[in-house]
Each structure stands twice: as C-alpha cells, then as structure tokens.
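J.: Numbering (our numbering), first residue to last: 115 to 197. Glycine included, every Cβ here is placed at the ideal spot set by N, Cα and C. Note that the structure is a prediction, hence the values are computed from the model and not measured.
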Amino acid sequence: MTATTLEADLAALVAQASEGGITATDALAEQESLGLLGLTSLGFLRLIHAVERGYGVVLDLDDDVSFMDTVASLAAHLRAQGI
C-alpha cells in the first residue's frame, strides 16, 4: 500500500468517523490536529474502531496517543506496525 493510498484511506475514515464534519480533503490537507478540525471524542472512538477493524491492528491507547493527531501521524504509526 503506497503512502498516498494509506493516507487517503485514513482520511476517508476520518470523514466517516466525523459524520461529515471533516472532509477527507481537509483531513489530508490540514496539519492541525484532528481535534482542532472538529473530531469529537466519539469521532475519535469511531476512528479507532474503524482503523483497528480495517487494518487488523490494536492501537495502544495506554501511552502516548499523539499518533492520532493527524492523518499523516496515524499513517506513520501504522507503517511502523508494518501496514
């Protein structure tokens, strides 16, 4: 999976998790955190669930969760796990 494909897929998941509050285009283009873009705590839970289900990974939320800040940081985290 190329970086652009992974990031595009994650951006689409952000749009779904935010119920359209954040577009996939905005999620890809913005360097602001997803929270500042308007992703709610429920949206983050939806995103976590979708990523875990879709990529077969478990996101460890017990420690530093800064990898959830942006689509780019989430993609980098997944790549580090071999996705």
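1. Around the C-beta of residue 179, are 16 or more other C-beta atoms found within 10 angstroms, so that it is buried, or is it exposed?
2. For residue 132 versus residue 157, is the C-beta spacing smaller than 8 Å?
3. Based on Cα-Cα distance, which residue from 184, 193 and 192 lies nearest to residue 143?
4. Residue 155 lies in the alpha helix (DSSP H); which residues open and close that run?
5. Return the residue from the list 176, 127 and 172 that minimises the CA-CA distance to residue 196.
T.: In this structure, then:
1. Answer is exposed; the Cβ neighbour count stays below 16.
2. Their beta carbons are under 8 Å apart, which means residue 132 touches residue 157 by this criterion.
3. Nearest C-alpha to residue 143: 184.
4. Residue range 155-169 is occupied by the alpha helix (DSSP H) that includes residue 155.
5. Per the Cα distances, 172.
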